[in-house]
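Working notes, beginning with the structure itself.
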Amino acid sequence: MNITQEQWWSQAQEDENAVILDVRTEDECNRGMIPGAKNIDIYKGQGFIYEVEELDKTKNYYVYCQAGMRSAKACSVMEQLGFATTYNLVGGMSEWDGPVVLPE
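Position 100, counted from 1, in the sequence shown is what the UniProt record's numbering calls 100; the numbers after and before it change by one each time, with no gaps.
Encoded structure:
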């Protein structure tokens, strides 16, 4: 499900079952991430599938990338793998004006 930045962030903050998932490359993440995000690079192909399969399918996933296209694809893949709830951040980091942190 595609949702706007305002909905995505406020909903993620209020959701006790939320996981923020960044599907960008390591280089992109090094320029800044949304606080609390877990990174799994969708460009890893089958490696992405393996890592996503390890995640708790009962959680609600708030997914983002740089522009919103890869994260939309990631949401679709996750739904096919049995994840009940995924939210795609429309516009991704290119339009993000919320908090940003550097990866640890």
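Glycine included, every Cβ here is placed at the ideal spot set by N, Cα and C.
Residues of its chain near residue 65, where Cβ-Cβ distance is below 6 Å and the 5 sequence neighbours each way are ignored: Closer than 6 Å at the Cβ level, and outside the excluded window around residue 65, lie 23, 24, 71, 92.
Buried versus exposed call for residue 100 [16 or more other C-beta atoms within 10 Å across all chains shown]: It counts as exposed.
Simplified DSSP state of residue 1, which is helix, strand or coil: In the displayed model, residue 1 falls within coil according to three-state DSSP, outside both helix and strand.
Beta-carbon proximity list for residue 79, same chain, < 8 Å, skipping 5 on both sides: Counting only residues of its own chain and dropping the five nearest sequence neighbours on each side, residue 79 has a CB closer than 8 Å to the CB of 86.
Backbone CA spacing between residue 17 and residue 35 [nearest angstrom]: Cα to Cα, residue 17 sits roughly 16 Å from residue 35.
Three-state secondary structure assigned by DSSP to residue 41: Three-state DSSP puts residue 41 in coil, outside helix and strand.
Residue from 83, 77, 63 whose Cα sits closest to the Cα of residue 4: Of 83, 77, 63, the residue nearest in Cα terms is 63.
Span of the alpha helix (DSSP H) around residue 72: For residue 72, the uninterrupted alpha helix (DSSP H) run begins and ends at 69-80, by DSSP.
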